[in-house]
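Trainee: If you read the protein sequences in the order shown, they are chains A and B. So the first sequence is numbered by the UniProt record's numbering: it starts at 1 and just counts up by one. So the second sequence is numbered by the UniProt record's numbering: it starts at 1 and just counts up by one. Note that beta-carbon positions come from the ideal geometry of N, C-alpha and C, so glycine has one too.
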Amino acid sequence: MTSPPPRPSTSPLVSRKPVSGSSPSPSPSQGRNPVSLRLYKVLGAGFEDEPTKEALRTLSELYGATTANGTRATLVNGKATKEDHQDDFDSDDGDSEEDTSEERKLSLGPFLSDEVVAPTGAAAHARKNLKRDIDVKLAGSSRKFLSALGGVDQKLDALQEHITTMRAQCDQAHSQLQTTNDACKSLLDQAGNLRQERDTVASQQSILNLFLARFTLTSEEVTALTSRDVPPGKRFFAAMDKAVKIREDCRVLMSVDGPTKAGLDIMTATSSNLEQAYDKIFRYLTSEFQTLGRGNRDRERSVDPDANLEASPTLKEAVRRLRDRPELLSDALAVLSQTRQSTLLATFLDALTRGGPSGLPRPIELHAHDPLRYIGDMLAWLHQAIAAEREFMESLFGLGREGAGRMIGSVRKFEKGRMGEAEEWVGDMVDKNVGKLSGPLKLRVQQTVRSQESPILANKIANLLKFYELTVRRTIGEEAALSEALREMSDVSNKVFFDALEAQGRALLRVILDLNDAALAPPAPVQDHMQALRDILSMYDSSRLDDSSAPEAEEPVGNGAAESSADYGVERVLDVMIDPALEVCLTAAEEKKRIRPTWDGPVFVLNCLTYLQDVLEPYAFASTKRESLNAMIETRVNQLAEEHYQDLLKDTGLNVIVAAIESKPAGEPLSHVDTAQPHELSAVLQKFSTWLSGLEVMHSPRLARLAVQRLHSQIHQTALARLARTYQSICEEVRKPENRYEAASTLLGGQRPFGQIHLLRQIFGLGDEDM
Amino acid sequence: MADYDADATELLETYDFLMKYIIIGEAGTGKSCLLHQFTHNSFKDHSQHTIGVEFSSRTVKLGEKRIKLQLWDTAGQERFRSVTRSYYRGAAGAILVYDITNRQSFQNLDRWLTDARALASSNLVVVLVGNKSDREDEREVEWAEASRWAAENNVHFLETSSLTGDNVEAPFLLCARSVLLSIESGSLDPDKAGSGVSYGDRALRRVNSSSRLSFGSLSYGRRKKATSKLRLKDYVPGTSNSKCC
Chain A
1 MTSPPPRPST
11 SPLVSRKPVS
21 GSSPSPSPSQ
31 GRNPVSLRLY
41 KVLGAGFEDE
51 PTKEALRTLS
61 ELYGATTANG
71 TRATLVNGKA
81 TKEDHQDDFD
91 SDDGDSEEDT
101 SEERKLSLGP
111 FLSDEVVAPT
121 GAAAHARKNL
131 KRDIDVKLAG
141 SSRKFLSALG
151 GVDQKLDALQ
161 EHITTMRAQC
171 DQAHSQLQTT
181 NDACKSLLDQ
191 AGNLRQERDT
201 VASQQSILNL
211 FLARFTLTSE
221 EVTALTSRDV
231 PPGKRFFAAM
241 DKAVKIREDC
251 RVLMSVDGPT
261 KAGLDIMTAT
271 SSNLEQAYDK
281 IFRYLTSEFQ
291 TLGRGNRDRE
301 RSVDPDANLE
311 ASPTLKEAVR
321 RLRDRPELLS
331 DALAVLSQTR
341 QSTLLATFLD
351 ALTRGGPSGL
361 PRPIELHAHD
371 PLRYIGDMLA
381 WLHQAIAAER
391 EFMESLFGLG
401 REGAGRMIGS
411 VRKFEKGRMG
421 EAEEWVGDMV
431 DKNVGKLSGP
441 LKLRVQQTVR
451 SQESPILANK
461 IANLLKFYEL
471 TVRRTIGEEA
481 ALSEALREMS
491 DVSNKVFFDA
501 LEAQGRALLR
511 VILDLNDAAL
521 APPAPVQDHM
531 QALRDILSMY
541 DSSRLDDSSA
551 PEAEEPVGNG
561 AAESSADYGV
571 ERVLDVMIDP
581 ALEVCLTAAE
591 EKKRIRPTWD
601 GPVFVLNCLT
611 YLQDVLEPYA
621 FASTKRESLN
631 AMIETRVNQL
641 AEEHYQDLLK
651 DTGLNVIVAA
661 IESKPAGEPL
671 SHVDTAQPHE
681 LSAVLQKFST
691 WLSGLEVMHS
701 PRLARLAVQR
711 LHSQIHQTAL
721 ARLARTYQSI
731 CEEVRKPENR
741 YEAASTLLGG
751 QRPFGQIHLL
761 RQIFGLGDED
771 M
Chain B
1 MADYDADATE
11 LLETYDFLMK
21 YIIIGEAGTG
31 KSCLLHQFTH
41 NSFKDHSQHT
51 IGVEFSSRTV
61 KLGEKRIKLQ
71 LWDTAGQERF
81 RSVTRSYYRG
91 AAGAILVYDI
101 TNRQSFQNLD
111 RWLTDARALA
121 SSNLVVVLVG
131 NKSDREDERE
141 VEWAEASRWA
151 AENNVHFLET
161 SSLTGDNVEA
171 PFLLCARSVL
181 LSIESGSLDP
191 DKAGSGVSYG
201 DRALRRVNSS
211 SRLSFGSLSY
221 GRRKKATSKL
231 RLKDYVPGTS
241 NSKCC
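#1: Can you confirm whether Leu213(B), when its beta carbon is compared against all beta carbons of chain A, has any partner nearer than 9 angstroms?
#2: On the criterion of 16 or more Cβ atoms from any shown chain inside 10 Å, does His369(A) qualify as buried, or is it exposed?
#3: Quick one: Cα of Gln178(A) to Cα of Asp249(A), how far?
#4: Determine the contact status of Arg722(A) and Pro669(A), defining contact as a CB-CB distance below 9 angstroms.
#5: Anyone know if the C-beta pair for Met19(B) and Gly130(B) falls short of 9 angstroms?
#6: Which residues in the same chain as Val168(B) place their Cβ atom closer than 7 angstroms to its Cβ, once the five residues preceding and following it in sequence are excluded?
#7: Could you check the C-alpha separation between Val60(B) and Gly76(B) for me, to the nearest Å?
#8: Below 6 angstroms CB to CB, which residues in the same chain sit around Gly28(B) once its five sequence neighbours on both sides are set aside?
#9: According to DSSP, simplified to helix, strand and coil, what is Met240(A)?
#10: Return the first residue and the last residue of the beta strand (DSSP E) that His156(B) is part of.
#11: Whether or not the stretch 598–612 of chain A and the stretch 520–535 of chain A are in contact is what I'm after, with contact meaning three or more pairs of Cβ atoms, one per stretch, closer than 8 angstroms; do they touch?
#12: Going by DSSP, which residues form a beta bridge with Val60(B)?
#13: For a test of the three-state rule: what should DSSP assign to Val42(A), helix, strand or coil?
#14: Candidates Phe80(B), Ile22(B), Asp16(B), Ala146(B): which alpha carbon is nearest Ala116(B)'s?
#15: For Ala144(B), which of His46(B), Ile100(B), Leu173(B) has the nearest alpha-carbon?
#16: Run the CB neighbour count on Val570(A), radius 10 Å, all protein chains shown included, and call it buried at 16 or more, exposed below.
#17: Would you kindly work out how many angstroms separate the C-alpha atoms of Leu654(A) and Thr675(A), rounded to a whole number?
#18: I'd like the list of long-range same chain contacts for Gln728(A), defined as Cβ closer than 6 angstroms, with 5 residues on each side in sequence excluded.
#19: Residues of chain E with a CB under 9 angstroms from the CB of Gly165(B): which are they?
#20: Can you tell me whether Val201(A) is buried or exposed, with buried defined as 16 or more other CB within 10 angstroms of its CB?
#21: Which of the three DSSP states, helix, strand or coil, is assigned to Glu78(B)?
#22: Measuring only the C-alpha atoms, how far is Glu733(A) from Glu696(A)?
#23: Applying a beta-carbon distance threshold of less than 9 angstroms, which residues of chain A neighbour Gln70(B)?
#24: Glu248(A) by DSSP, collapsed to three states: which one?
#25: What does Phe467(A) touch in chain B if you count any residue whose Cβ is under 7 angstroms from its own?
#26: Is the beta carbon of Leu322(A) sitting closer than 9 angstroms to the one on Phe282(A)?
#27: With 16 as the cutoff for other CB atoms within 10 Å, does Arg143(A) come out buried or exposed?
#28: Checking 9 angstroms against the spacing of the C-beta atoms, do Ile386(A) and Leu482(A) come in under that value?
#29: Would you call the CB atoms of Trp112(B) and Gly200(B) closer than 9 angstroms?
#30: Within the same chain, show all residues whose beta-carbon is closer than 8 angstroms to that of Lys625(A), passing over the 5 residues directly before and after it, in chain order.
#31: Alpha carbon to alpha carbon, how far is Ser663(A) from Gln751(A)? Give it in angstroms, no decimals.
#32: Residues in its own chain within less than 6 angstroms of Leu379(A) by CB, not counting five upstream and five downstream?
#33: Excluding the 5 residues flanking Leu640(A) on each side, which residues of the same chain have their C-beta closer than 6 angstroms to its C-beta?
#34: Note the first and the last residue of the continuous beta strand (DSSP E) segment covering Ser198(B).
#35: Which residue comes first and which comes last in the alpha helix (DSSP H) that contains Asp279(A)?
#36: What distance in whole Å lies between the Cβ atoms of Gln504(A) and residue 772(A), which are believed to be in contact at a cut-off of 8 angstroms?
In structure tokens, the structure reads:
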């Protein structure tokens, strides 16, 4: 670039020149010369506005570029610049002249010089040739346009041709499409139909799928039901539930539509599946029962009856479901009861002979010498085992809390039909499980019972057995084997008790009483005997309290039966105990009487009888026996009273008169009878009077030996009353005219009680009422 | 197998331990009522004398363990003594009841305790219960006196009311806790017959499914922590599903 350095040097010259040259010129020719006016106008016009500046810049570029490239181009460019410049002017002014434009160019110099740098030579050239340059340039440009457009024209022609061809082809294609479309119409229809069909099929399929899902088991479920690899559990039970549901639904459907092939198929398939499932449950239960029933896990030989006596939920569920197949369930339960039986038996024997860990609690048999404790311990063990067993069974059958078993002291009802099915199973199982225990138990109990000689102990054992018989019966029912065994044991012990009683009675009969013993009290052996009875009765009495204290708890029927049989029992006890005692007393009285006539037999017998009665006195249940004793006493008392009366008659001497009255022939006056002549009569009356003032009137020494004071006075009073009546009848006889007593009143009034009955009764201490 | 274990969800009925208790004390002290209140949560009106022995059961929760209690309610009357004495054997706990309004029932405690100690297993846990605490006006036995007696005889003591149900569960739980402690200390082995305690299905499953040590987590206190640490160690390196088998 060589142009820039000269540009600054020239530009001040150029700029100074027009400014200095033009500024003086306008001042002289102000307002007149049109050229100068024009010039002023031009000069006045600003070139600072953007378009002008832009035009000038383009112009300068035109030339600028040429200077850089070559002289010719510079020239052209310079001209072009000028041209451009003028163009600008033209646009401003409309018509403009060469000169003005020339001048303007000069005047513009200073402006140009700042921006456009043109060599002075080129600028001059440019000023000259601007117009030509521009024309040339324009022509060149136009030619270029022409040639370019000619090419374009050609291309357009070709394009036109292409389009025409295309159009033809398009038309062809269109017509072809039209034909094809027509041809496809049926196909489309077909496709539409097919699509519809497909939709129908799809919906059918979904229905079928739903149906299958509802009415068939998935292979997984079938596996769960039938495979041995899947143990019974949630999955298994769910599959079972489904199978059952399917069958139900199917049955409903078939009941509406009649049997269909599908329905029958489904029924067959599910039923076989279900059967397999039941079989599986059966197998599962059987194996579980075999291990579970064994109690503890064979770790040690010491067995705990309660160890692991718990039914897992799966087990319970399995049992619940198998209840639909009772025959399978009962088979499985048979296995359980077998294992439980042997476990319980082993445990029982352990408790009997081995005791607890390290010997505590002690083995039950350690106390075999104490029969009550021995038997009591065994039975208590049994009771506890039954309770545990029952709980286990109830949990197995899912009879939990709501079952009647939890109520304290409640009595289970064992009537068939009134119990639920599960309850029956439970009862049955408990019965079976503990049934085997009755063997060893019975053996031991009977051995112990049989060796008892004391009726008291035998009775205690019998009561104990009776108590447990009742308890067990309430828990496992009357028909259970164990109840049966207990009843048997109870009977045996009862029999032993009565045997012992009878033996005692017989022993009592064999006792040889000391016949020389003058005592009138019951003999000592009888007293011992009765003491035993007393003990038994008091025991019985307390056991009776049990019955009466729990009447509500017991079934009315059972209660009544128990009561009557118990009463029967005590009746028998009384018979067995009292009868020999009576016999002993009576025979002893007879024999003594024979040997020692002076011995007071009747009083002795009465003493014995009242003693026996006294033993029975506190017990209401002994009333029957007491009644019969009372009757006997009554008779004896009457006899004794009669005897006593005769004695009194004899003592008072009245017997002579009485005999005379009774024996006198009819029609003969009494006074004519030897023994009743007035003199004799007077003597008798005197004797009577003497007797009346004696002690015996109030108190009989003989009767004083009666143990019961009440009887003494009773008999004595009776006798006295009769005596009074006899005296009265004697008085009446004496007063009768036909008996021909002279001064009968005087005769009678000579001695106390002066023929006055009421006086006599007063002396005797009797009331007048019964006169 | 995994399937099966998942199925065996624990229901309410399962338990860790089974314990036998015997309820003793003079007649009329409210043994049956106490038990009724405990098992039924209600007062037993017009209660009659117990005949011989009666049975009931209840499952209680102690911490994380479920314990099934088999309760043997005995008759207090003298004439049943020969029967009830047979039930001490095989009892793990004894609830000895007296009536705070009846001095006589308190004075006879010695006899009952002697019986219990003589007839039951040596590990028998005895809890003394002063019943009828609702009848404060008629009190004849002071709390302090009974407490002293209990301390002298090495038994637990508390007062309850079967009427209001106040404190009724406490003696049973107290007893169970003591039994558990003696199991933990090793002086009582539930596997042995006659101990009055045995494992339930739930405990067994744990014993069988994991190590013997994990049983320790059934009992509480210091050992529990040690055990859980051990278990953690066991399981950390193993795969997540190594729990079963």
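Mentor: Well, looking at it:
#1: One-based indexing of the second sequence puts residue 213(B) at position 213. Confidence in Leu213(B) is poor, its pLDDT being 36 and thus under 50, which makes the residue's placement too unreliable to answer from.
#2: For the purposes of this step, residue 369(A) is taken as the residue at position 369 of the first sequence. Counting of Cβ neighbours within 10 angstroms places His369(A) among the exposed residues, the total staying below 16.
#3: Translated into positions along the first sequence, residue 178(A) becomes position 178. Translated into positions along the first sequence, residue 249(A) becomes position 249. Rounded to the nearest angstrom, the gap between the Cα atoms of Gln178(A) and Asp249(A) is 58 angstroms.
#4: Indexing the first sequence from 1 puts residue 722(A) at position 722. Indexing the first sequence from 1 puts residue 669(A) at position 669. Contact: no.
#5: Along the second sequence, read from residue 1 onward, the residue named residue 19(B) stands at position 19. Along the second sequence, read from residue 1 onward, the residue named residue 130(B) stands at position 130. No, they are not a contact pair.
#6: Within the second sequence, residue 168(B) is the residue found at index 168, counting from 1. Leu34, Gln37, Phe38, Thr160, Ser162.
#7: Residue 60(B) sits at position 60 when you count from the first residue of the second sequence. Residue 76(B) sits at position 76 when you count from the first residue of the second sequence. C-alpha of Val60(B) to C-alpha of Gly76(B): approximately 26 angstroms in a straight line.
#8: Here residue 28(B) is taken as the residue at index 28 of the second sequence, counted from 1. So the list is empty, once near-sequence residues are dropped.
#9: Translated into the one-based positions of the first sequence, residue 240(A) becomes position 240. Three-state result, Met240(A): helix.
#10: Mapped onto the second sequence, residue 156(B) falls at position 156. Here the beta strand (DSSP E) through His156(B) covers 156–159.
#11: As far as the Cβ criterion goes, the stretch 520–535 of chain A touches the stretch 598–612 of chain A, which means the pair count is three or higher.
#12: Indexing the second sequence from 1 puts residue 60(B) at position 60. For Val60(B), the beta-bridge partners assigned by DSSP are Ile67(B).
#13: As a first step, residue 42(A) is located in the first sequence; it is residue number 42 there, counting from the start. Helix.
#14: The residue given as residue 116(B) occupies position 116 in the second sequence. By alpha-carbon distance to Ala116(B), the top candidate from Phe80(B), Ile22(B), Asp16(B), Ala146(B) is Ile22(B).
#15: Working through the second sequence from its first residue, we reach residue 144(B) at position 144. Measuring from the Cα of Ala144(B), the nearest candidate turns out to be Ile100(B).
#16: Here residue 570(A) refers to the residue found at position 570 of the first sequence. Its Cβ being crowded by 16 or more others within 10 Å, Val570(A) is buried.
#17: One-based indexing of the first sequence puts residue 654(A) at position 654. One-based indexing of the first sequence puts residue 675(A) at position 675. For Leu654(A) and Thr675(A), the distance between alpha carbons rounds to 11 angstroms.
#18: For the purposes of this step, residue 728(A) is taken as the residue at position 728 of the first sequence. Counting only Cβ-Cβ distances below 6 angstroms, and skipping sequence neighbours, we find Ile757.
#19: Among the protein chains of the structure shown, namely A and B, there is no chain E.
#20: The residue you call residue 201(A) lines up with position 201 of the first sequence. By the neighbour-count rule (16 or more Cβ atoms within 10 Å), Val201(A) is not buried but exposed.
#21: Taking the second sequence and counting its residues from 1, one reaches residue 78(B) at position 78. In the structure shown, the three-state DSSP call for Glu78(B) is helix.
#22: As a working note, residue 733(A) is residue 733 in the first sequence. As a working note, residue 696(A) is residue 696 in the first sequence. If I take the Cα positions, the gap works out to 26 angstroms.
#23: For the purposes of this step, residue 70(B) is taken as residue 70 along the second sequence, with counting starting at 1. Residues of chain A whose Cβ lies closer than 9 angstroms to the Cβ of Gln70(B) are, in chain order, Asp306, Gln384, Ala387, Ala388, Glu391.
#24: Stepping through the first sequence from its first residue, residue 248(A) is reached at position 248. If DSSP states are grouped into helix, strand and coil, Glu248(A) belongs with the helices.
#25: Residue numbering aside, residue 467(A) sits at position 467 when the first sequence is read from its first letter. Per Cβ cutoff of 7 angstroms: Gly52, Val83.
#26: Walking along the first sequence from the start, residue 322(A) turns up at place 322. Walking along the first sequence from the start, residue 282(A) turns up at place 282. Yes, the Cβ-Cβ distance between Leu322(A) and Phe282(A) is below 9 angstroms.
#27: The residue given as residue 143(A) occupies position 143 in the first sequence. Counting Cβ neighbours within 10 Å, Arg143(A) comes out exposed, since fewer than 16 surround it.
#28: Translated into positions along the first sequence, residue 386(A) becomes position 386. Translated into positions along the first sequence, residue 482(A) becomes position 482. Contact flag set, yes.
#29: Locating residue 112(B) in the second sequence gives position 112, counting from the first residue. Locating residue 200(B) in the second sequence gives position 200, counting from the first residue. At a Cβ-Cβ threshold of 9 angstroms, Trp112(B) and Gly200(B) do not count as neighbours.
#30: Position 625 of the first sequence holds residue 625(A). Hits under 8 angstroms: Glu571, Leu574, Asp575, Ile578, Leu616.
#31: In the first sequence, residue 751(A) corresponds to position 751, counting from 1. In the first sequence, residue 663(A) corresponds to position 663, counting from 1. Going by the C-alpha atoms only, they are around 25 angstroms apart.
#32: Within the first sequence, the letter at position 379 stands for residue 379(A). For Leu379(A), where only same-chain residues beyond five positions count, the Cβ hits under 6 angstroms are Tyr468.
#33: Within the first sequence, residue 640(A) is the residue found at index 640, counting from 1. Counting only Cβ-Cβ distances below 6 angstroms, and skipping sequence neighbours, we find Pro602, Ile715.
#34: Here residue 198(B) is taken as the residue at index 198 of the second sequence, counted from 1. Start and end: 197–199.
#35: Here residue 279(A) refers to the residue found at position 279 of the first sequence. Residues 261–292.
#36: A question about residue 772(A) goes unanswered here, because the residues of chain A that appear run from 1 up to 771.
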